[in-house]
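In my numbering, the protein residues as written are 15 to 143.
Report on the following structure.
Structure representation (structure tokens):
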């Protein structure tokens, strides 16, 4: 599937759009969101996008991100098909973190995606907590 021109934006472009009033939406899973996220983001997992799209203001641009770009590509396309001005963050939260841009909470990190990672993370929490 080819990317449409202008549907993927750089971190700098994303920051500018957000400063100008765009909505930032994280489409990752709950455990990924809990581990670390970009400040100011709204959590709207990809699996819930269809039923929760009404929570996104159609009158403002939307910047979507996931871990690396696959889920945000699908989310941005679905929202564009529904009439939203939606773009995805190039390289997702992985690229954001590698550029040493801040995450929330303060000790936040980029979690692995997938069920196995979720289980391992829960086990680490149980052992350390």
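The C-beta atom is built at its ideal place from N, Cα and C for all residues, glycine as well.
Contacting residues, own chain, Cβ-Cβ under 8 Å from residue i (five flanking each side not counted)
i	result
residue 146	Nothing about residue 146 can be reported from this structure: the residues present for the chain run from 15 to 143 only.
residue 128	none
residue 69	56, 58
residue 53	116, 117, 118
residue 122	49, 50, 51
residue 32	38, 54, 77
residue 108	81, 82, 124
6 Å CB neighbourhood of residue i in its chain, flanking five on each side removed
i	result
residue 56	39
residue 80	41, 42, 86, 106
residue 22	102, 104
Own chain residues within Cβ distance below 7 Å of residue i, not counting five before or after
i	result
residue 36	74, 75, 76, 77
residue 92	63
Buried or exposed by the 16-neighbour rule on C-beta atoms within 10 Å, applied to residue i
i	result
residue 125	buried
residue 61	exposed
residue 65	exposed
residue 16	For residue 16, the pLDDT reaches just 44, beneath the cut-off of 50, and the residue's location in the model is therefore unreliable, although a value from the coordinates is still provided. Label assigned to residue 16: exposed.
residue 28	buried
Proximity winner among the options, relative to residue i (alpha-carbon distances)
i	options	result
residue 101	109, 88, 108	88
residue 114	65, 46, 127, 51	51
residue 82	27, 46, 71, 92	46
Inter-stretch contact at 8 Å, needing at least 3 Cβ pairs: the region 110 to 124 / the region 95 to 102: Inter-segment contact for the region 110 to 124 and the region 95 to 102 is absent: fewer than three beta-carbon pairs are separated by less than 8 Å.
Can you list the beta strand (DSSP E) stretches of 3 or more residues lying completely in the region 38 to 83, in chain order?
Qualifying beta strand (DSSP E) stretches, in chain order: 76 to 79.
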